[in-house]
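Comments concern the structure below.
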Amino acid sequence: MRPLRGAATVVALALVLLLPASAALAHEERPVKLPDGTGSVPVHRTGEPDLLVCKSDRADFERRIADFPADLRRRNLELFDRCQKQGYRHLQEAVDKVDRPGTDIAILPGVYLEEPSLPEPTGACARLPARWSAWGYQILSYEQQRQCPHNQNLVAILGIKDLQIEGTGAKPTDVIIDAQYRKLNAIRADTANGIYFRNFTAQRTTFNSIYILAADGFVIDTMLTRWNDEYGFLTFASDHGLYTDCESHGNGDSGLYPGSASDINDGRGHDVPRHSIEIRRCRSHDNMVGYSGTAGDSVYVHDNEFYDNMGGASMDSAFAGHPGLPQNHARFERNRIHDNNRDYYRYVADGTCARPAAERGYERGVVCPQIGMPRGTGIITAGGNWNVFRDNWIWGHESAAFDLLAVPAFIRGEGALGKQFDTSHHNLYEDNHLGVTPEGASRPNGAGVSWDGQGTGNCWQDDAGPSTPWALPACGSAGPSRILGEPVKVAKSYLCNDYSIRERRLPAGCEWYGAAGPARVEVQLALAGSLALGLVAVLLRRRALRSRAGLAVTVIGIAGLTLDVLGAAYGYTLLPAAALALMGAWWTGAGLLWTGSRGFGRFTVVLGVLALADAFDKAVVMIPLLPVGPGWIRGLLCGVWILWAVVLLARRPGRTAIPAGEAPA
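If you count by numbering that gives the first Met the number 0, then the sequence shown holds residues 0 to 664, one letter each, in order.
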């Protein structure tokens, strides 16, 4: 066992040479520590506001509130009159006047462009000594953010405690903070414990609408974010957080991103005392992905709706620089995740996403996906542990309801051998409603589960439906413990991640970007392998297996190789296992009939047994105790077998014999 694990470690580390440069890119931030957890989730305050923000055009204001309910309209008129005398015209002006914790700011209906924050930096702010990220912005320290708050932020809330900012309209779109694609963030709340945002819209940035960083206590309540290069709501390195009744759409990454949520449950099992962030009753749609979180640890996601994105939700351990890796302990319950099949990569291919952000057409439905990801999938876990997915409604996906794949630690910048296989383990999928709506309508997913096979303790409900592998570990069973995923799936992951929006590079052969049929990499690999093996099979038949039995096993082998190509094209079926069973019968039969080199015959039988074991592993039950799947061993030995066969076939005819008692066919 140990030699196999050591060899697998070498293989995994060697794969770093294949890792596309684009996979190292993600949201980059200054080094930041997770909160100490002594905070709490702030509570909404309903008293009179301390500070007011409004515009001065009364006629415009009255038009905006004309359809409000009478009491709300009267209240806004009173606040407007008061604001004209003692209020502010820009949100940043009011934030700058906060002089104590527990301040409430009310923003009256209108569009706030924050004109004083817009000018390009000058003087020392134009020459800050800070590293530039791969995404084209400087990674500023907290002190630099305080020194130059509007280099990147339309509104900067820095170090203010227990601040509440609330729109006074009837709905979030009555109050709009609009960055006009001229700032990285519309609102940045940095080290602002207890921040509470309620009932307004933030939009049109070159990164995030609402960015909350290093907060122990925050609430996003009845908020809307839209039309951003990256994220709608981004919370990072924070604890005691709540997203509630929010909405986000039109974002190049995700609508909701609780990245590096406080890692409070590391080392625990599935039962935990609390979660660091709760997300409830939110809607996220028409984004690259509805929800995502690198190191999205201990996040409780329930009663939300993620729909009409490229992917429904994802969590990962794939990017360096995020505290709390590897990702662990997310809990998804009672969410509606459906119809996440959008193809936004076409806007990269046709050059739309190469234009300046203001000219791309985000407001008309354009989304520019920032990273590569599988389209048409409900929930993707790219390297995560101890996650629970229970009682969710997942329907209408072209690919699969669930996708689980491991991510070696070197991808996030950790080279220690002992960490390379620390994902994906103990992920629990049970009692989910797949392929049906809550109203009972049948809306099948393309498949139930796509899993690369790596990890320990992962388990699925028994009605997951067509999946790859077909045989999924049931909850309550011992299950397999694999340190490497299936070889073709690993190769596909590496190929598909070679995506770059800046270079307009969409990897050929990957179905994520539109490849179909014979153009898909898994079909091409199967076709190339089958052609090579088929040629050897025909030559062996002509030179050494000329009996009727030899003809029979050759026909079985050719049938298996043909079926292998079809199995690659239709992976969520029993075809791959059937192909392996036929190929196993071919190799076993050919090895037993072989009368030349005894070593080659025995080796051929071993290869046949491995193929049969691989078929059993994929279709019946995953074989326990194997650190790698039979496919890895079979694949490596198959190359040796082809070379050996070529050497034997290169000898002069007549060196092999027909089995005794057999007549030529």
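All C-beta atoms, glycine included, are put in the ideal place defined by N, C-alpha and C.
Between the beta-carbon of residue i and the beta-carbon of residue j, is there less than 8 Å?
{"i": "alanine 644", "j": "valine 535", "result": "yes"}
{"i": "serine 283", "j": "leucine 241", "result": "no"}
{"i": "leucine 606", "j": "cysteine 637", "result": "yes"}
{"i": "asparagine 327", "j": "glycine 292", "result": "no"}
{"i": "valine 347", "j": "arginine 481", "result": "no"}
{"i": "histidine 269", "j": "valine 387", "result": "yes"}
{"i": "leucine 526", "j": "valine 564", "result": "yes"}
{"i": "serine 259", "j": "histidine 321", "result": "yes"}
{"i": "leucine 574", "j": "leucine 560", "result": "no"}
{"i": "asparagine 334", "j": "valine 298", "result": "no"}
{"i": "arginine 519", "j": "glycine 508", "result": "yes"}
{"i": "methionine 309", "j": "glycine 295", "result": "no"}
{"i": "glutamine 151", "j": "cysteine 124", "result": "no"}
{"i": "alanine 618", "j": "tryptophan 450", "result": "no"}
{"i": "threonine 467", "j": "tyrosine 569", "result": "no"}
{"i": "glycine 434", "j": "tryptophan 394", "result": "yes"}
{"i": "isoleucine 500", "j": "glutamine 369", "result": "yes"}
{"i": "tyrosine 87", "j": "alanine 357", "result": "no"}
{"i": "arginine 130", "j": "isoleucine 138", "result": "yes"}
{"i": "leucine 647", "j": "glycine 595", "result": "yes"}
{"i": "glutamate 113", "j": "leucine 76", "result": "no"}
{"i": "leucine 505", "j": "tyrosine 343", "result": "no"}
Alpha carbon to alpha carbon, how far is residue j from residue i? Give it in angstroms, no decimals.
{"i": "threonine 351", "j": "glycine 251", "result": "13 Å"}
{"i": "aspartate 430", "j": "threonine 422", "result": "23 Å"}
{"i": "proline 128", "j": "alanine 155", "result": "20 Å"}
{"i": "alanine 649", "j": "phenylalanine 331", "result": "59 Å"}
{"i": "glutamate 61", "j": "proline 48", "result": "21 Å"}
{"i": "lysine 488", "j": "tryptophan 134", "result": "29 Å"}
{"i": "alanine 567", "j": "proline 517", "result": "9 Å"}
{"i": "isoleucine 379", "j": "leucine 403", "result": "6 Å"}
{"i": "isoleucine 64", "j": "tryptophan 511", "result": "45 Å"}
{"i": "tyrosine 290", "j": "glutamine 143", "result": "30 Å"}
{"i": "alanine 473", "j": "aspartate 462", "result": "10 Å"}
{"i": "glutamate 485", "j": "valine 608", "result": "18 Å"}
{"i": "valine 620", "j": "glycine 590", "result": "26 Å"}
{"i": "threonine 37", "j": "asparagine 192", "result": "11 Å"}
{"i": "proline 118", "j": "leucine 50", "result": "25 Å"}
{"i": "leucine 483", "j": "histidine 424", "result": "12 Å"}
{"i": "leucine 157", "j": "histidine 149", "result": "12 Å"}
{"i": "glycine 417", "j": "glycine 478", "result": "22 Å"}
{"i": "proline 325", "j": "arginine 74", "result": "49 Å"}
{"i": "leucine 550", "j": "proline 629", "result": "27 Å"}
{"i": "threonine 8", "j": "asparagine 227", "result": "With a pLDDT of 46 at threonine 8, under the threshold of 50, the predicted position of this residue should be treated as unreliable, though the coordinate-derived value follows. So the two alpha carbons sit approximately 40 Å from each other."}
{"i": "proline 623", "j": "leucine 471", "result": "12 Å"}
{"i": "valine 522", "j": "alanine 515", "result": "9 Å"}
State the CB to CB distance for the pair residue i and residue j, rounded to an integer number of angstroms; the pair is presumed to be in contact (CB under 8 Å).
{"i": "alanine 580", "j": "leucine 611", "result": "6 Å"}
{"i": "arginine 267", "j": "asparagine 303", "result": "Their Cβ separation, rounded to whole angstroms, is 24 Å, which puts arginine 267 and asparagine 303 out of contact at 8 Å."}
{"i": "alanine 399", "j": "threonine 376", "result": "5 Å"}
{"i": "tyrosine 306", "j": "aspartate 338", "result": "5 Å"}
{"i": "methionine 222", "j": "methionine 287", "result": "That pair is no contact at about 20 Å."}
{"i": "serine 140", "j": "glutamate 27", "result": "In fact, because the Cβ distance is near 13 Å, the residues do not count as touching under 8 Å."}
{"i": "asparagine 184", "j": "threonine 204", "result": "6 Å"}
{"i": "valine 31", "j": "histidine 239", "result": "Not quite, the Cβ-Cβ distance comes to about 16 Å (not below 8 Å), so this is no contact."}
{"i": "alanine 317", "j": "isoleucine 410", "result": "6 Å"}
{"i": "leucine 107", "j": "leucine 78", "result": "6 Å"}
{"i": "asparagine 426", "j": "isoleucine 336", "result": "About 16 Å; that fails the 8 Å criterion."}
{"i": "aspartate 161", "j": "glycine 101", "result": "5 Å"}
{"i": "leucine 603", "j": "tryptophan 640", "result": "The sequence as given places threonine at residue 603; leucine does not occur at that position. Right, the Cβ-Cβ distance comes to about 7 Å (below 8 Å), so this counts as a contact."}
{"i": "phenylalanine 206", "j": "glutamate 229", "result": "5 Å"}
{"i": "histidine 248", "j": "aspartate 220", "result": "In fact, because the Cβ distance is near 18 Å, the residues do not count as touching under 8 Å."}
{"i": "leucine 524", "j": "alanine 558", "result": "Not quite, the Cβ-Cβ distance comes to about 19 Å (not below 8 Å), so this is no contact."}
Starting from the Cα of residue i, find the closest Cα among the options and give me that residue.
{"i": "alanine 105", "options": "Arg363, Gln369, Cys82, Asp95", "result": "Cys82"}
{"i": "threonine 455", "options": "Pro171, Ala405, Ala399", "result": "Ala405"}
{"i": "glycine 475", "options": "Trp469, Asp462, Gly464, Cys458", "result": "Cys458"}
{"i": "glycine 464", "options": "Phe420, Phe401, Pro623", "result": "Phe401"}
{"i": "glycine 556", "options": "Gly122, Val537, Arg354", "result": "Val537"}
{"i": "threonine 243", "options": "Pro272, Arg225, Ile276, Asp228", "result": "Ile276"}
{"i": "alanine 69", "options": "Glu92, Asp80, Gly412, Ala169", "result": "Ala169"}
{"i": "arginine 29", "options": "Gly600, Ala319, Phe615, Val218", "result": "Ala319"}
{"i": "alanine 614", "options": "Arg597, Gly598, Arg633, Ala58", "result": "Arg633"}
{"i": "tryptophan 385", "options": "Asn340, Glu413, Val271", "result": "Val271"}
Fill in: contact_flag[the region 231 to 245, the region 202 to 219] where n(CB pairs < 8 Å) is 3 or more
Contact between the region 231 to 245 and the region 202 to 219 is present, because at least three Cβ pairs lie under 8 Å.
Worksheet item: Okay, do the region 538 to 557 and the region 442 to 452 touch, 3+ Cβ pairs below 8 Å being the bar?
Response: Taking a cut-off of 8 Å on C-beta distances, the region 538 to 557 does not touch the region 442 to 452, as fewer than three cross pairs fall below it.
Discussion item. Would the region 161 to 177 count as touching the region 196 to 208 if we require 3 or more Cβ pairs under 8 Å?
Written reply: Flag = yes, the region 161 to 177 and the region 196 to 208 touch.
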